[in-house]
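Novice:
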Amino acid sequence: MTECIWILVDQGICESQLVYGAANHDNTNLYIGRARFKNDLIPGKVLWNLKSIHISYGGSEHSLGVFEVLINDGNYAWVEDSNGNVPPNAVIGGRTADGESLYVARAKHLYLTIPGKIHPSHKCAYVPCDWKEHAKKTYEVLVRLEPRSVAFTASKPQTMPGSANVVSSGFEWVRHMKSTGWPENAIIGGKCIDDGQQKDQYIARTKRDSNIIVGYAYKNGNFHGILDGREIRSECFELFVKK
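Position one of the sequence shown corresponds to residue 3 (my numbering), numbered consecutively onward.
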């Protein structure tokens, strides 16, 4: 299973990059995150507007300000299950102090759907609500989908040293240099709402040690990508452009 990407909330993440969990009672969105508490790493619900995460532990709901969020790359789905069971490729959101895996879940409580954790040895999921921890025998499990493979064909060389010289027909990788300006035919891979303004995210890549990392760059800005679950930035990168 492809590794999930968890990022500390203070690393410049946009709301549009998060994995949606459910709608809160005030119609704001709840997202998927995790935090450390009492030597456990516990998945829970992120209240983005309050920059906090709520997790359940020991019968109570706890609010924390230091946490990680799960980054949405489009390869997630919710699958029904029950009694502490999880389907193949279930997302491990954390672990107990004694090493038991805790899985990402969401479950119905009253009129709400609430993200929380599956504790397999307890044969249930737990969700936090009204400052209490609520056990649920039936729930949905977040699962990781394997990305579809894409065929590439060889193209003329215009790549960074040590990178694979393969791109889709009609496109190429071009090294970005501030002296030459931003190419008009750079491909937009996504959009982000930042401080109320929509910003284009261009497909980009960079090399770090022996790794070639695909990510994004803002126009006339730096590269942003993920390596080993952490965000990296670089002034040296290539843009994916139309020939």
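Heads up, the beta-carbon is just placed ideally off N, CA and C, and yes, glycines get one too. All figures in this text were calculated on a predicted structure; none of them were measured in a lab.
Quick one: is residue 212 buried, meaning 16 or more other Cβ sit within 10 Å of its Cβ, or exposed?
Specialist: So residue 212 counts as exposed.
Novice: Going by DSSP, which residues form a beta bridge with residue 175?
Specialist: 242, per the DSSP bridge assignment.
Novice: Should residue 93 and residue 43 be called a contact, given that it needs their Cβ atoms to be closer than 9 Å?
Specialist: For residue 93 and residue 43, no; Cβs fall outside 9 Å.
Novice: Could you give the DSSP three-state label for residue 89: helix, strand or coil?
Specialist: Three-state result, residue 89: coil.
Novice: What number of angstroms, rounded off, separates the C-alpha of residue 188 from the C-alpha of residue 223?
Specialist: Between residue 188 and residue 223, the C-alpha separation is close to 13 Å.
Novice: Report back the beta-carbon spacing between residue 95 and residue 45 to the nearest angstrom; my notes put them in contact at under 8 Å.
Specialist: Between residue 45 and residue 95 the Cβ distance is about 3 Å, and since that is below 8 Å, they are a contact.
Novice: I'd like the list of long-range same chain contacts for residue 164, defined as Cβ closer than 8 Å, with 5 residues on each side in sequence excluded.
Specialist: Residue placement at residue 164 is poorly supported in this model, since its pLDDT is 43, which falls under 50; the coordinates are not used for a value here.
Novice: Among 78, 7, 49, 141, whose alpha-carbon lies nearest the alpha-carbon of residue 64?
Specialist: When only C-alpha atoms are compared, the closest one is 49.
Novice: Can you list, in chain order, the residues of its chain with a C-beta nearer than 8 Å to that of residue 135? Leave out the 5 residues immediately preceding and following it.
Specialist: For residue 135, where only same-chain residues beyond five positions count, the Cβ hits under 8 Å are 58, 59, 60, 61, 62, 63, 128, 129.
Novice: Provide the residue span of the beta strand (DSSP E) that contains residue 200, from first to last.
Specialist: Start and end: 199-210.
Novice: Helix, strand or coil for residue 17? Go by DSSP, reduced to three states.
Specialist: Three-state result, residue 17: helix.
Novice: Three-state secondary structure (DSSP) at residue 8?
Specialist: Strand, per DSSP.
Novice: DSSP beta-bridge partners for residue 217?
Specialist: Answer is 206, bridged to residue 217.
Novice: Tell me residue 128's beta-bridge partners as DSSP assigns them.
Specialist: 119, 137.
Novice: Examine the Cβ distances between the segment 67-80 and the segment 11-24 and report whether three or more of them are shorter than 8 Å.
Specialist: Yes, the segment 67-80 is in contact with the segment 11-24.
Novice: Are the beta-carbon atoms belonging to residue 24 and residue 114 less than 9 Å from one another?
Specialist: Cβ distance < 9 Å, so residue 24 and residue 114 count as in contact.
Novice: Do residue 242 and residue 183 come within 9 Å of each other at the CB atom, strictly closer than that value?
Specialist: The answer is no: Cβ separation not under 9 Å.
Novice: Inspect the beta-carbon positions of residue 82 and residue 140 and report whether they are closer than 9 Å.
Specialist: In contact: residue 82 and residue 140 (Cβ atoms closer than 9 Å).
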